[in-house]
Amino acid sequence: MINVMMPANKGTYQQPDIFGYYGNFGGAYIPEMLHKNVEELQNNYLNIIHESAFQKEFQQLLKDYVGRPTPLYFAQRLSKLHNTNIYLKREDLCHTGAHKINNTIGQILLAQRLGKKRIIAETGAGQHGVATATVCALKGIECIVYMGEKDIERQAPNVARMKMLGAKVVPAKSGSKTLKDATNEAIRDWINNPNNTHYIIGSVVGPHPYPDMVARFQSIISEEIRKQLKEKNNTEIPTHVIACVGGGSNAAGAFYHFLDTMSVQLIAVEAAGCGINSGKSAATTQLGKSGILHGSKSIVMQTEDGQVVEPHSISAGLDYPGIGPLHAHLFESGRAKFLSATDNEALNAAFELAKFEGIIPALESAHALASLHQIKFKTNDTVIVCLSGRGDKDLATYMKAINI
Numbered sequence: 183m184i185n186v187m188m189p190a191n192k193g194t195y196q197q198p199d200i201f202g203y204y205g206n207f208g209g210a211y212i213p214e215m216l217h218k219n220v221e222e223l224q225n226n227y228l229n230i231i232h233e234s235a236f237q238k239e240f241q242q243l244l245k246d247y248v249g250r251p252t253p254l255y256f257a258q259r260l261s262k263l264h265n266t267n268i269y270l271k272r273e274d275l276c277h278t279g280a281h282k283i284n285n286t287i288g289q290i291l292l293a294q295r296l297g298k299k300r301i302i303a304e305t306g307a308g309q310h311g312v313a314t315a316t317v318c319a320l321k322g323i324e325c326i327v328y329m330g331e332k333d334i335e336r337q338a339p340n341v342a343r344m345k346m347l348g349a350k351v352v353p354a355k356s357g358s359k360t361l362k363d364a365t366n367e368a369i370r371d372w373i374n375n376p377n378n379t380h381y382i383i384g385s386v387v388g389p390h391p392y393p394d395m396v397a398r399f400q401s402i403i404s405e406e407i408r409k410q411l412k413e414k415n416n417t418e419i420p421t422h423v424i425a426c427v428g429g430g431s432n433a434a435g436a437f438y439h440f441l442d443t444m445s446v447q448l449i450a451v452e453a454a455g456c457g458i459n460s461g462k463s464a465a466t467t468q469l470g471k472s473g474i475l476h477g478s479k480s481i482v483m484q485t486e487d488g489q490v491v492e493p494h495s496i497s498a499g500l501d502y503p504g505i506g507p508l509h510a511h512l513f514e515s516g517r518a519k520f521l522s523a524t525d526n527e528a529l530n531a532a533f534e535l536a537k538f539e540g541i542i543p544a545l546e547s548a549h550a551l552a553s554l555h556q557i558k559f560k561t562n563d564t565v566i567v568c569l570s571g572r573g574d575k576d577l578a579t580y581m582k583a584i585n586i
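Numbering (my numbering), first residue to last: 183 to 586.
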């Protein structure tokens, strides 16, 4: 393995240093055969995404294809229940049903400009897989999506969508057969096909520049929040921004334009599974320690001898044994508060939102909503919850929970 870059000067909260480090976390720890691919991205991504032609096409697709800006919705009944002011950033209303499309639009345009003819991706909940298959269909590019065998079972509607969109879905049959293992398979594919393939990573994980690149594409979420809040409340600054965290792309997007505004309390909610100390959890910051996973240094759930611990969450998108290096830095520095919600707490929060606001959230987003019961808010607080996805994909789990 090669560590392409070691930490030097510290970056801001919003952006890493020139070597891809957020504080003590980040970098690019990669096999020799991926050095060329990663270096190509490092050398070109900023120039490409700042080109006026790129930005014009990116912004146009976000508007006309994705359906942005997504609403910032004042949840009146939920606010009354919690005796504060709660706004939902409706990423569930994006085309494909989640925030993931913001990133895949950006990365497919980047891949085209790099001359790549083949796209690979990993997916857990299936939303990133669907978003990747969608943009590949849009641009007529071959698409292969790796997905854990267990996740293929519990996210069948999204598997069907990917196949209908023309993607090849390849099951990962090793380990826990979930997101971690799908990522391993995608990396193996990239090693074997280094020249014509771009790997669209779905979260703020992986070797530099992926965490920074994905965060930039997702930052449209917090950019819109500031503008929309200004229109509604005559201030751009909320008191709290809450988002669920697995790898952490929706949280990175929701936090991005508030990272250096210290008056905003950033709250990241991890999946506690059956309980933090149950042996079936994905609460990385509570259970993990510094380590290397999927190309970057971060906080990782691991044994004493460095073997990755299998995570568990009822939500496939949070079933991951690490977090992105940006979030590891936010945790270590204390800039963000990290909470966790169990499977049952997430289910209860999902049913609560459905019954109080007529919105069925993704199980991932339900973890963020569950934290509303853990925080003591003031009546005049302005609380933003990133509703990262819709609950269609999780209906089988919801039906089982209420014995339908």
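Think of the CB as a built atom: it goes at the ideal place given N, C-alpha and C, for glycine as much as any other residue.
For clarity, every value in this text was computed on a predicted model and none was experimentally measured.
- Note: Gly208 is bridge-paired with Tyr203 and Lys479 in the DSSP secondary-structure output.
- Judged by DSSP secondary structure, Pro213 falls outside any beta strand (DSSP E); it is assigned neither H nor E.
- Per DSSP, Phe538 has no beta-bridge partner at all.
- Bounds of any alpha helix (DSSP H) do not take in Ala280, whose DSSP letter is neither H nor E.
- Ala342 sits away from Leu508, with the two beta carbons spaced by 8 Å or more.
- A straight line joining the alpha-carbon of Glu233 with that of Asn225 spans about 14 Å.
- Distance between Phe440 and Arg370, taken at the CA atoms: about 36 Å.
- Classified as buried, Asp576 has 16 or more neighbouring CB atoms from the shown chains inside 10 Å of its CB.
- In the DSSP assignment, Cys325 falls within the unbroken beta strand (DSSP E) covering Glu324 to Gly330.
- Spanning the alpha carbons of Leu529 and Val387 requires a straight line of approximately 27 Å.
- Counting along the chain, Gln447 sits inside the beta strand (DSSP E) bounded by residues Gln447 to Gly455.
- For Val396, the secondary structure class from DSSP, reduced to helix, strand or coil, is helix.
- In this chain, Ser460 is not harboured by any beta strand (DSSP E), its DSSP state being neither H nor E.
- A contact between stretches requires three or more CB pairs, one per stretch, nearer than 8 Å, and the stretch 237-248 fails this requirement with the stretch 211-218.
- By the C-beta criterion, the stretch 502-519 is judged to be in contact with the stretch 206-214, since at least 3 inter-stretch pairs fall below 8 Å.
- A distance below 8 Å separates the beta carbons of Asn284 and Val248.
- The alpha-carbon of Phe520 is positioned some 30 Å away from that of Leu228.
- Considering only Ile419, Tyr438 and Ile200, the residue with the shortest C-alpha distance to Ser404 is Tyr438.
- Under the three-state reduction of DSSP, His549 is assigned to helix.
- The bridge partners DSSP lists for Glu304 are Tyr328.
- With a minimum length of 3 residues, the unbroken runs of beta strand (DSSP E) contained wholly in the stretch 221-281 fall at 254-256 and 267-272.
- With respect to the 8 Å criterion, Thr360 and Thr314 are not classified as neighbours on the basis of their beta carbons.
- Ser472 counts as exposed, since fewer than 16 other beta carbons sit within 10 angstroms of its beta carbon.
- Taking a 10 Å sphere around the C-beta of Met346, we find fewer than 16 other C-beta atoms and assign the residue as exposed.
- Taking Ser522 as reference, the option from Ser358, Ile557 and Ala465 with the minimal CA-CA separation is Ala465.
- Taking Ser401 as the centre and dropping the five residues before and after it, the same chain places the C-beta of Gly435, Tyr438 and His439 closer than 7 Å to its C-beta, in chain order.
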